[in-house]
Amino acid sequence: MSTYSALPDGDLVRACRAGDADAWNELVERFSRYVYAIAVRGFRLSEEDAEDVFQDVFTRIYLRLDTLRDDSAVRPWIAQLTRRRCLDALSSKGREMSADEDTLMAEESADLTDVEEAFAVREALGGLSDNCQDILDRFFAQDQSYRTIAAELEIPSGTIASRIARCLARLKEQLEGRNQGPERSRG
Amino acid sequence: MTHFSNEERLGVLLRLLRPAPAGWVRAAQELPAARRTFDEIVARAEADIAFRKALLADLEHALTAEGYEPDRRVLDEIRVRLTND
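Right, dumping it as structure tokens:
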């Protein structure tokens, strides 16, 4: 875990603006899954279009970081940039609608809501132990099998299911704590 | 406020944020260096007419000959910049 991974969003943005290369690496790392999910899950872009959107969004972030009024609001700003760029990509392709456009837009909007929720879960994941973060990410986000996880982490495969269950329970507690107490924002 | 009532739902949400392809992330992380290359090439093209002519004639060849290795997006941007100037 780098020093920068613990920085709140606002501090990270300030460090990026000051030209700190490690801070920029962390900003890309922190939001890369989010931008990717909006493009691929939210707007269902092809991988080719998603790659163009992805690179273009990070280029815009890099070039326009000075225009961000509230550094801690970087995530909604990135979401907005990504959504706009996805809409541009769709309109430039003159996407054929396979269903009624309203229905399609409603589905996309539901998926985008899920992406927002997923980001909140991902942030909460950061509050768990490194072992829990690693095993949950490998199993759910990287689709690794019990056997692969066991081999790479050098732990008995028979214990993987119980470790995942335990870590999920901790994640749930973490999220419930956030919802009940004062919001612990990184930004 | 969202309530994450069960572990199954958490699993679904964790699956949503998959890692972006490593090459995309690396390219985005290398943006500052790519922008510096872009700025340097554009500044040279503005100051050096022969270099500018070489770029307009064969952009990729001219850049490779000068030791630059810009990626596709930088090439596209330089092309746009040169034709708009």
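Sequences listed follow chains C and D, in order.
Heads up, the first sequence is in our numbering, so the first residue is 1068 and it goes up one at a time.
Heads up, the second sequence is in our numbering, so the first residue is 1056 and it goes up one at a time.
We treat Cβ as the ideally placed atom computed from N, Cα and C, and that holds for glycine.
Buried versus exposed call for residue i [16 or more other C-beta atoms within 10 Å across all chains shown]
i	result
serine 1252 of chain C	For serine 1252 of chain C, the pLDDT reaches just 41, beneath the cut-off of 50, and the residue's location in the model is therefore unreliable, although a value from the coordinates is still provided. The residue in question, serine 1252 of chain C, is exposed, as its Cβ has fewer than 16 Cβ neighbours within 10 Å.
glutamate 1093 of chain C	buried
alanine 1102 of chain D	exposed
glutamine 1209 of chain C	exposed
lysine 1239 of chain C	buried
alanine 1191 of chain C	buried
aspartate 1094 of chain D	exposed
aspartate 1116 of chain C	buried
glutamine 1241 of chain C	buried
alanine 1228 of chain C	exposed
aspartate 1133 of chain C	exposed
Below-8 Å beta-carbon distance, residue i vs any chain D residue
i	result
alanine 1090 of chain C	no
leucine 1203 of chain C	yes
valine 1141 of chain C	no
leucine 1195 of chain C	no
methionine 1164 of chain C	Any reading at methionine 1164 of chain C needs caution, since the residue's pLDDT is 49, under 50, leaving its predicted position unreliable; the model's value is listed next. For methionine 1164 of chain C, the answer is no, since every Cβ of chain D falls outside 8 Å of its Cβ.
valine 1256 of chain C	Past the boundaries of the shown model lies residue 1256 of chain C; chain C is included only from 1068 to 1254, so the question cannot be answered.
arginine 1189 of chain C	yes
threonine 1215 of chain C	no
arginine 1100 of chain C	yes
glutamate 1115 of chain C	no
threonine 1126 of chain C	yes
glycine 1254 of chain C	In this prediction, glycine 1254 of chain C has a pLDDT of 36, which is less than 50 and means its spatial position is unreliable; nothing more can be read from the coordinates.
Whole-number beta carbon distance between residue j and residue i, since they are thought to touch under 8 Å
i	j	result
valine 1129 of chain D	threonine 1092 of chain D	6 Å
valine 1182 of chain C	arginine 1108 of chain C	6 Å
leucine 1072 of chain D	phenylalanine 1186 of chain C	7 Å
proline 1074 of chain D	tyrosine 1129 of chain C	Actually they do not touch by this definition, with Cβ atoms about 21 Å apart.
alanine 1090 of chain C	tyrosine 1071 of chain C	6 Å
isoleucine 1096 of chain D	tyrosine 1123 of chain D	6 Å
alanine 1156 of chain C	valine 1120 of chain C	6 Å
asparagine 1124 of chain C	threonine 1149 of chain C	Sequence inspection shows valine at residue 1124 of chain C; the asparagine mentioned does not correspond to that position. Confirmed, about 5 Å.
aspartate 1126 of chain D	alanine 1082 of chain D	7 Å
cysteine 1199 of chain C	arginine 1245 of chain C	Actually they do not touch by this definition, with Cβ atoms about 16 Å apart.
Below-8 Å beta-carbon distance, residue i vs any chain C residue
i	result
glutamate 1062 of chain D	yes
alanine 1075 of chain D	yes
leucine 1114 of chain D	no
threonine 1057 of chain D	Only weak support exists for where threonine 1057 of chain D lies, its pLDDT of 49 falling under 50; the value from the coordinates is given anyway. Cβ-Cβ to chain C under 8 Å: yes for threonine 1057 of chain D.
isoleucine 1133 of chain D	no
Partners in chain C for residue i, counting only beta-carbon separations shorter than 7 Å
i	result
leucine 1071 of chain D	Ala1104, Arg1108, Asp1181, Val1182 and Ala1185
aspartate 1136 of chain D	The sequence given here has arginine at residue 1136 of chain D, not aspartate. Within chain C, no residue comes near arginine 1136 of chain D; the closest Cβ sits about 14 Å away, beyond 7 Å.
arginine 1128 of chain D	Gln1122
Neighbouring residues, chain D, relative to residue i (Cβ below 9 Å)
i	result
tyrosine 1129 of chain C	Ala1083, Leu1086, Pro1087 and Arg1090
leucine 1157 of chain C	The contacting residues do not exist; leucine 1157 of chain C stays about 19 Å from chain D at best.
glutamate 1221 of chain C	Chain D residues near glutamate 1221 of chain C: none, gap ~22 Å exceeds 9 Å.
Beta-carbon neighbours of residue i, restricted to chain D and to distances below 7 Å
i	result
leucine 1112 of chain C	Under the 7 Å cutoff, chain D gives no residues; its nearest Cβ is about 13 Å from leucine 1112 of chain C.
leucine 1238 of chain C	Leu1065
Contacts of residue i in chain C (Cβ-Cβ under 8 Å)
i	result
glycine 1066 of chain D	Phe1207 and Leu1235
Beta carbon proximity, residue i to chain A, threshold 8 Å
i	result
leucine 1238 of chain C	In the displayed structure, chain A is absent; the protein chains listed are C and D.
Any non-hydrogen atom of the ligand ZN within 7 Å of residue i CB
i	result
arginine 1100 of chain C	Because no ligand of any kind appears in the structure shown, any question about the ligand ZN cannot be addressed here.
Positions along the region 1083 to 1101 of chain D whose CB lies within less than 8 Å of some CB in chain C: Ala1083, Gln1084, Leu1086, Pro1087 and Arg1090
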